[in-house]
Structures are given as C-alpha cells and as structure tokens.
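When the letters of the sequence shown are read in order and numbered with the working numbering, they come out as residues 48 to 318. Below is one structure, written out as structure tokens; the observations come after it.
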Amino acid sequence: MNSICRFIPPARAEATINTINFVYEADAAAGAKSGMSTVYRIHYVTEGSGVVSCNGKHEQVEKGDIFFAFPAVNYSVSGGEDFRYMYISFIGIRANAELERLGIGTQNFVFRGFLDIYPFWSECIGVGGEVTDLISESVLLYTLSKIATWHRVMEKEEAVSASVQNATLVKNYIDNNFSDPGLSLEQIGQHFSYHKKYISSLFKRQFKIGVVEYIHTVRTNHAARLIEEGHNNVTEVALSCGFSDALYFSKVFKKMIGISPKKYMAGRQKE
48 MNSICRFIPP ARAEATINTI NFVYEADAAA GAKSGMSTVY RIHYVTEGSG
98 VVSCNGKHEQ VEKGDIFFAF PAVNYSVSGG EDFRYMYISF IGIRANAELE
148 RLGIGTQNFV FRGFLDIYPF WSECIGVGGE VTDLISESVL LYTLSKIATW
198 HRVMEKEEAV SASVQNATLV KNYIDNNFSD PGLSLEQIGQ HFSYHKKYIS
248 SLFKRQFKIG VVEYIHTVRT NHAARLIEEG HNNVTEVALS CGFSDALYFS
298 KVFKKMIGIS PKKYMAGRQK E
C-alpha cells in the first residue's frame with residue numbers, strides 16, 4: 048500500500064471535535080517525525096516497532112499500540128524500515144474534554160495491545176470522497192471508546208487485585224494474632240479501618256470461609272498441636288489459643304475435631 052493522506056473538509060461551526068486528516072505512513076523515512084504539533088494526533092501502529100517521545104519521555108511501541116501527540120508539545124516518532132502507522136489529526140473543545148476524561152496526556156500517551164481494531168482502521172483509511180470527515184471521526188471516537196473500555200477493565204483488575212491483597216492482609220493478621228482473646232471480626236475491622244461487613248464479605252469471597260470460622264480453625268489446629276506435644280490441661284490450652292472460656296473452647300474444639308479436648312488428650316496419652 049502506498050502512502051495515503053485524505054484531507055477533511057471544514058467542519059460545521061457547531062461541531063466540537065474536528066478531524067483534519069487521516070494518514071497512512073507507508074514510508075519509514077516519511078514516518079520519522081520530530082518537532083511540535085499544532086494539533087492532537089492519534090496514531091495506530093500497523094507494522095513493526097519504533098520509539099515515540101513526548102515531552103522528553105520515551106516509549107517503545109509495536110503493532111497494535113496506540114500513541115498520541117499534543118498541541119504545543121515536543122514529540123518525535125522513529126522506527127526501522129518495517130515501521131508503519133496511521134494517524135488522525137484532530138482539534139476541538141470536545142477533544143480536550145475526552146482526552147482529559149480518559150487520562151490521556153503527556154505522561155500517559157501510549158496504550159498497548161489493540162490488535163483487534165486493525166481491520167477497522169485499515170478498512171476506513173481506504174474510504175475517500177465526501178464521507179472522509181465522517182469516517183475519520185468515527186475511527187477516532189471508536190478508538191477512544193476502546194481506550195475507555197480498556198480503562199474499565201484495568202480498573203476492575205486493580206479492584207480485584209486490591210481485594211485479594213486486603214483479604215490476604217486480614218488472613219495474615221489472624222494467623223499472627225489468633226492467641227489474642229480480643230481477636231474478633233469487630234476488632235479486625237477497627238484495625239484495618241473497614242466496616243466488619245466489608246471484612247466479612249471480602250474474606251469469604253477470597254478464602255471461601257467466614258472470618259469467625261477461620262479464627263476458630265486456626266485456634267483449634269494450634270490447640271491440637273499443643274495437645275500432641277503433651278499439654279493436658281484444658282484451661283491452659285484454651286488460654287494459649289485465645290479462648291478466655293474453657294467451656295466455649297471445648298464446644299468449638301468438639302465441633303471442629305469431632306471429639307472433646309479431654310478425649311483428644313486421653314487418646315494422645317494412650318498412644
């Protein structure tokens with residue numbers, strides 16, 4: 048494919064985003080650019096790899112990546128002989144607002160992994176005539192919408208990652224503090240400055256067990272280890288595991304293990 052540059056007719060006065068041209072750079076030499084743009088540009092890499100710089104920040108780009116240039120900001124684009132990209136130049140009040148809304152700026156000007164939109168860009172660059180303005184604006188807005196979708200996916204992944212991290216912190220806190228008689232769902236919530244309902248939901252979603260049940264499990268397992276090591280005083284074992292009430296400890300132990308602490312101790316002594 049040879050280089051293509053389609054100029055867009057002047058937009059209506061009421062339009063708030065205006066596309067100026069839709070360009071395919073098929074020549075590596077022509078694709079090497081540097082300087083200061085007077086408009087916004089959205090670029091889509093179609094082949095090869097290169098380096099883009101914006102306001103002194105350098106980023107490697109490859110096929111499927113999107114990168115931006117901004118008015119009155121120094122930028123440069125360079126790459127090897129196989130480096131190819133398309134771009135759309137645009138201006139307008141809406142352009143400013145949309146880029147700001149998506150967090151696109153001089154410190155965040157490269158977006159990676161958009162191979163799925165190549166067919167759309169490739170098809171649209173070949174359409175000329177009186178609808179070039181409509182086509183170029185459609186490609187611009189569609190690509191911005193894909194970036195917006197990417198933002199939502201990333202936010203969701205970050206939220207899931209944060210939830211896993213928070214649940215793990217709660218688990219570690221229980222593992223390290225199970226012998227504290229004051230350990231409870233309420234106390235854990237206060238420690239992490241979260242409502243107890245949030246802690247409960249977070250923990251159960253991640254570990255498939257409730258907070259209180261997990262505390263009982265950790266305490267009971269520790270009690271069983273103490274008994275196996277030769278401890279045979281129920282009250283002392285209960286206190287060592289965070290139970291302030293020996294009777295309650297016996298009830299929980301029997302529920303978890305299947306027999307009472309006394310019978311467990313007797314069995315270990317016989318062994």
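Note that CB positions come from ideal geometry on N, CA and C, so glycine has one too.
Going by the DSSP bridge assignment, what does residue i pair with across the sheet?
i: Q253; result: Q253 pairs with nothing; no bridge assigned.
i: C52; result: V70
i: R88; result: A116, S136
Hey, quick one: how far does the beta strand (DSSP E) through residue i stretch, first residue to last?
i: T66; result: 65-72
i: S81; result: 80-83
For residue i, which residues in the same chain have their Cβ closer than 8 angstroms to its Cβ, ignoring the five residues on either side in sequence?
i: A214; result: L249, F250, R252, Q253, F254
i: T153; result: C101, N102, K104, F117, V120
i: S281; result: In the sequence as displayed, the identity of residue 281 is Val instead of Ser. If we look at V281 and ignore the five residues flanking it on each side, its Cβ neighbours are A293, F296, S297, P308, K309, M312.
i: V340; result: Limits of the chain in this structure are 48 at one end and 318 at the other, which puts residue 340 out of reach.
i: Y245; result: G236
i: G257; result: S247, F250, K251
i: E72; result: S50, G78, R131, Y132, M133, Y134
i: V284; result: A270, L273, I274, H278, F296, P308
i: E233; result: K243
i: V299; result: H263, R266, T267, F290
Report all residues from its chain with a CB closer than 7 angstroms to the CB of residue i; omit the five preceding and five following residues, and keep chain order.
i: N65; result: A58, F137, I138, G139
i: M303; result: H263, T264, T267
i: S287; result: S226, L273
i: R141; result: T63, I64
i: Q107; result: S96, V98
i: G289; result: F225, S226, D227, P228, L230, R266
Following the continuous alpha helix (DSSP H) through residue i, name the residue where it begins and the one where it ends.
i: L294; result: 293-304
i: H238; result: 232-239
i: V281; result: 281-287
i: Y222; result: The identity of residue 222 in the sequence shown is Asp, whereas the question assumes Tyr. 179-224 is the extent of the alpha helix (DSSP H) around D222.
i: H269; result: 258-275
Might you give, ordered along the chain, the residues of its own chain that have their beta carbon closer than 6 angstroms to the beta carbon of residue i, omitting 5 neighbours on each side?
i: Q218; result: Sequence inspection shows Lys at residue 218; the Gln mentioned does not correspond to that position. The answer is none, since no qualifying residue turns up.
i: E184; result: T66
i: I194; result: L149, F158
i: I306; result: none
i: F167; result: none
i: F42; result: With the chain covering only 48 through 318, there is no way to say anything about residue 42.
i: S81; result: S123
Query - Complete beta strand (DSSP E) runs within the stretch 94-168 (minimum length 3 residues, chain order) - result: 96-101, 104-109, 113-116, 121-126, 131-138
Query raised in the report: Touching or not, the stretch 156-175 and the stretch 219-234, by the rule of three or more beta carbon pairs under 8 angstroms?
Result: no
Query raised in the report: When the Cβ atoms of the stretch 97-111 are set against those of the stretch 120-130, are three or more pairs found closer than 8 angstroms?
Result: yes
Query - Any 3 or more C-beta pairs closer than 8 angstroms across the stretch 82-90 and the stretch 157-165 - result: no
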